[in-house]
Amino acid sequence: GEPSPQPYQVWNRPTVTLINEYSASDAEIFPEGFRFYKLGKLVGVPTAGGVIGTGSITLVDGTQFRIPTVAWKTADGRDLENRGVAPDILVEHSPEDNAADNDRQLEAAVKALLDQIGQRR
């Protein structure tokens, strides 16, 4: 897909998206579209792989259960459920990083942005 000139007011600055194992559902669909439209790099670790849509059915006794109703796939047909989205720039984050107040994923995202800015000059 080619970027569309519509709408006329679009954000066309360097961008990245942070993803991790806690990114699920819409937080997986968004980065997959972000990658498809070549809007920037995905930084972090693979997402959870929990994107299937479900519907609720109520039985006569009031019990409810949920069944899968919608599957989300990549543009080339790969199912995101149980697979998730892999980052372009893999950066692990450990408990030790948390204890040291060190966010290596954010640092890598800033570096990726600075690299994009450098390429535009």
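With the first letter of the sequence shown counted as 1, position 9 gets the number 56 in the numbering used here; the numbers rise by one all the way through.
Ideal Cβ placement from N, Cα and C applies to all residues, glycine included.
If you're wondering where the values come from, they're calculated on a predicted model, not measured in any experiment.
On a CA-only basis, which of the options is nearest residue i? Give me that one, please.
| i | options | result |
| --- | --- | --- |
| GLY96 | ASN145, GLY109, ARG125, LEU137 | ARG125 |
| TYR69 | VAL92, VAL57, GLN56, TRP58 | VAL92 |
| ASN67 | PRO142, VAL138, GLN166 | VAL138 |
Let me know if residue i comes out buried or exposed under the rule of 16 or more other beta-carbons within 10 Å of its beta-carbon.
| i | result |
| --- | --- |
| ALA159 | buried |
| GLY102 | exposed |
| ALA122 | exposed |
Taking the C-alpha atoms as reference points, what is the distance between residue i and residue j?
| i | j | result |
| --- | --- | --- |
| GLN163 | PRO61 | 6 Å |
| ILE136 | VAL157 | 12 Å |
| ASP144 | LEU161 | 23 Å |
| THR105 | VAL117 | 19 Å |
Confirm, please, whether the CB-CB distance from residue j to residue i is below 8 Å.
| i | j | result |
| --- | --- | --- |
| ILE99 | PRO78 | no |
Would you call the region 125 to 143 in contact with the region 72 to 92, where contact means no fewer than 3 C-beta pairs closer than 8 Å? Three or more pairs of CB atoms, one per stretch, sit closer than 8 Å, so the region 125 to 143 contacts the region 72 to 92.
Do three or more CB pairs link the region 146 to 154 to the region 108 to 115 at distances below 8 Å? No: the two stretches stay apart, fewer than three of their Cβ pairs being nearer than 8 Å.
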